[in-house]
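Read through the structure below, which is laid out as structure tokens, and then see the notes.
Here you go:
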């Protein structure tokens, strides 16, 4: 390896290290509740120069994409966990618990992305992809309950991030109470009396 290629590799590694630190800083700031961390805060947390932040992320969608990849990696094992219950009632409870844990973990990121979604095609696509993925998982886990179109739509709504957010943020329910409400509502939809 020539000296020139070693220098290029070193710059590339340092550049990737800076990029990783910027993404990590942004994720940490959002986890801490900052909906829109400024470039100055990100640079300070990442311990890089302000120009480095702008050089790596000329547009915010590229930063959102890096953050989404990191979050998806952290969450894939949680949301992709196989169901263990053999009946739909048991699987419904598993889905509700799994989603409660998932939604709690992504809460700060969904809150932050909600503030920027109207300006970002990437965030809009990511939101639609997550909704479709969760819907598909619901239909596969509860095929009988989801065979009725109206019931499928209602279950999809009740078990959505938006419902969870409403229970936790607007209604101020603790996590356990919110989960109890979610399961009760979904169970009534899955197996209505007389149906």
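Residue numbers (full-length UniProt numbering): 1 to 195. Yeah, the Cβ is synthetic: ideal placement off N, Cα and C, and Gly gets one too.
Cβ contact (3+ pairs, closer than 8 Å) linking the region 50-65 and the region 119-137: When Cβ pairs closer than 8 Å are counted between the two stretches, the region 50-65 is seen to touch the region 119-137, the count reaching three or more.
Simplified DSSP state of residue 133, which is helix, strand or coil: For the purposes of this step, residue 133 is taken as residue 133 along the chain shown, with counting starting at 1. Three-state DSSP puts residue 133 in a helix.
Residue nearest to residue 191 in terms of C-alpha spacing, selected from 180, 114, 170 and 154: Here the question's residue 191 lines up with position 191 in the chain shown. Minimum Cα-Cα distance from residue 191 among the listed residues 180, 114, 170 and 154 corresponds to 154.
Continuous alpha helix (DSSP H) stretch holding residue 187: start and end: The count along the chain shown starts at 1 and reaches residue 187 at position 187. Going by DSSP, residue 187 is part of the alpha helix (DSSP H) stretching over 175-190.
Continuous alpha helix (DSSP H) assignments of at least 4 residues falling wholly in the UniProt domain "HTH tetR-type" (16-75): Qualifying alpha helix (DSSP H) stretches, in chain order: 39-46 and 50-56.
Contact check, residue 39 vs residue 53, beta carbons under 8 Å: As a working note, residue 39 is residue 39 in the chain shown. As a working note, residue 53 is residue 53 in the chain shown. Inclusion of residue 39 and residue 53 in the CB contact set at 8 Å is warranted, their separation being smaller than that value.
For residue 157 and residue 167, believed in contact at Cβ under 8 Å, the rounded distance: Translated into the one-based positions of the chain shown, residue 167 becomes position 167. Translated into the one-based positions of the chain shown, residue 157 becomes position 157. Rounded to whole angstroms, the Cβ separation of residue 167 and residue 157 is 13 Å, and the two are not in contact under 8 Å.
CB contact below 8 Å: residue 74 versus chain B: Looking at the structure shown, chain B is missing, and only one protein chain is on hand.
Residue nearest to residue 140 in terms of C-alpha spacing, selected from 152, 111 and 187: Translated into the one-based positions of the chain shown, residue 140 becomes position 140. When each option's Cα is compared against that of residue 140, the closest is 152.
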